[in-house]
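Under the working numbering, read the sequence shown as residues 13 to 183, first letter to last. What follows is one structure encoded as C-alpha cells, with my remarks underneath.
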Amino acid sequence: MNIRTAHRDELPALQDLELAAGVLFREIGMTDVAEHPPPAVEVFEEYRAAGQLWVSVDDADKPTGFVFVKLVDGGVHIEQVSVHPDQQRRGIGRQLIEYVDGWAAGQGWKVLTLSTFRSVPWNAPYYARLGFTEIPQNELTPGLREISAAETAFGLDPAERIFMLRKVARE
C-alpha cells in the first residue's frame, strides 16, 4: 500500500470517503454521527497545506483512506482516520496510524493522542490493540480539554468519548 500527501483535487473525494465510512455508525444506531457532514474542503486544505493530511491509495492511485493530525500540547493529535467501507479490514487504518507515527518521530514528537468512542468496536478497543491507552480525564492537557469541549458542543456525549495516548514507537 502507498501512503502519500493528499492532492488538492482529491479533497472532495475525501469528503465522499468520510460520508461512506459513516455507514458503519448507522448500522449500530449512531445515525447522528453517520449523517454528520464531513469536514469542509477548506478544512481539508488547511491540513493538506500544513503537511498534516495523508491518504492511502490503491494501485490506481485513488484514495482508499485518509488521516489528518494537528499538533496539540507537544504531541501529535490524530484528528480523523477514515477508510472507505469497501477497503476496511485490510489494515489500512493501522498503516495510516503507523505512517503518522513515523512522521511524528521524524519531527521529534514523542506522543500520539486521539479521541474516540469508548465502546464502538472499531474505535477505543481497536486503538488499544494498536498500543494506545486511555488518558484519565484529570490528566488531559489544556489542548485536549479544548478538543473535548468542542466535541461536547458538537453534540457528542462526553461519557462516551475517551482520549488515548501512545508513545511514538519509532523514536
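Each residue gets a CB set at the ideal place from its N, CA and C atoms; glycine is no exception. Quick caveat: nothing in here was measured; it's all calculated off a predicted structure.
query, result
"Where S131 falls, given that 16 or more other Cβ within 10 Å makes a residue buried", "exposed"
"Reduced DSSP category for E47 - H, G, I as helix; E, B as strand; rest coil", "coil"
"Within-9 Å CB hit, E91 to chain C", "The structure shown contains no chain C; it is built from a single protein chain."
"Rounded separation between R60 and W66 - CA only", "8 Å"
"Beta-carbon proximity of S94 to V81, cut-off 9 Å", "no"
"Cβ separation of L36 and W134, assumed to be a contact under 8 Å, to the nearest whole Å", "7 Å"
"Neighbour-count burial assignment, T128, 16 or more Cβ in a 10 Å radius", "buried"
"F166 classed as buried or exposed, judged by whether at least 16 other C-beta atoms fall within 10 angstroms", "exposed"
"Segment limits, beta strand (DSSP E) that includes R9", "Absent from the structure is residue 9, since the part of the chain shown begins at 13 and ends at 183."
"Delimiting residues of the beta strand (DSSP E) encompassing V79", "P75 to V84"
"Integer Cβ distance of H96 from A33, believed to fall under 8 Å", "6 Å"
"Three-state secondary structure (DSSP) of Q64", "coil"
"Straight-line Cα distance separating P75 from P24", "11 Å"
"Whole-angstrom distance between L168 and D73, CA atom to CA atom", "34 Å"
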